[in-house]
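Step one of this worksheet: look at the structure below.
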Amino acid sequence: QVHLVESGGGLVQPGGSLRLSCAASGVVFKFGTSGWYRQVPGKQRDLAATITSFDHTNYADSVKGRFTVSRDNGKNMVYLQMNSLKPEDTAVYSCYVTQAGDHYWGQGTQVTVSS
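This is the structure in structure tokens:
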């Protein structure tokens, strides 16, 4: 059974930083494409960042230059380093992994950017 658990969310002031972490059991991140989506209540879920099994990364235009997605194969973890945070980055951030045609999601962690 696949289980993804995010951590690291919280309240941060504009201009601040947070690092989100995602731990997996039952699936190995390095064998698939993984990353982070974010969702604001009442809006669709949007892609924030992805990393492929070949370490190719992709970012939404709104986070390019501020967010960095990475993976630790030894720990089977995926991370999202978020810098220069803005109020519009406020959302629930969920990690995901796609492997062998299957798609798995975590429950999400709340990130709130506010003064």
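The opening position of the sequence shown corresponds to residue 1 in the numbering used here, with each subsequent residue numbered one higher. The beta-carbon is built from N, C-alpha and C at its ideal position, and this holds for glycine as well. None of these values were measured; they are calculated from a predicted model.
Under DSSP, the beta strand (DSSP E) around Asp46 begins and ends at which residues?
In the sequence shown, counting from the first residue as 1, residue 46 sits at position 46. Taken as a continuous stretch (DSSP letters only), the beta strand (DSSP E) holding Asp46 covers 46-51.
Rounded to the nearest angstrom, what separates Asp72 and Glu6 at their Cα positions?
On the sequence shown, position 72 is the one that residue 72 refers to. On the sequence shown, position 6 is the one that residue 6 refers to. Approximately 15 Å, taken between the alpha carbons.
From Gly108 to Glu88, what distance separates their C-alpha atoms?
Locating residue 108 in the sequence shown gives position 108, where the first residue counts as 1. Locating residue 88 in the sequence shown gives position 88, where the first residue counts as 1. Looking at the two C-alpha atoms, the distance is approximately 17 Å.
Whole angstroms is fine: what's the gap from Phe54's alpha carbon to Thr33's?
Working through the sequence shown from its first residue, we reach residue 54 at position 54. Working through the sequence shown from its first residue, we reach residue 33 at position 33. So the two alpha carbons sit approximately 9 Å from each other.
The beta strand (DSSP E) that contains Asn58, what's its start and end?
Translated into the one-based positions of the sequence shown, residue 58 becomes position 58. Unbroken beta strand (DSSP E) run through Asn58: 57-59.
Outcome for Leu85 when other beta-carbon atoms lying within 10 angstroms are tallied against a minimum of 16
Here residue 85 refers to the residue found at position 85 of the sequence shown. By the neighbour-count rule (16 or more Cβ atoms within 10 Å), Leu85 is buried.
Closest to Cys22 by C-alpha separation, out of Tyr59, Val97, Val12, His103, would be which residue?
Your numbering for residue 22 matches position 22 in the sequence shown. Ranking Tyr59, Val97, Val12, His103 by Cα distance to Cys22 puts Val97 first.
Among Val111, Val92, Trp105, whose alpha-carbon lies nearest the alpha-carbon of Pro130?
Within the shown structure, residues of the chain are numbered from 1 to 115, placing residue 130 beyond reach of any answer.
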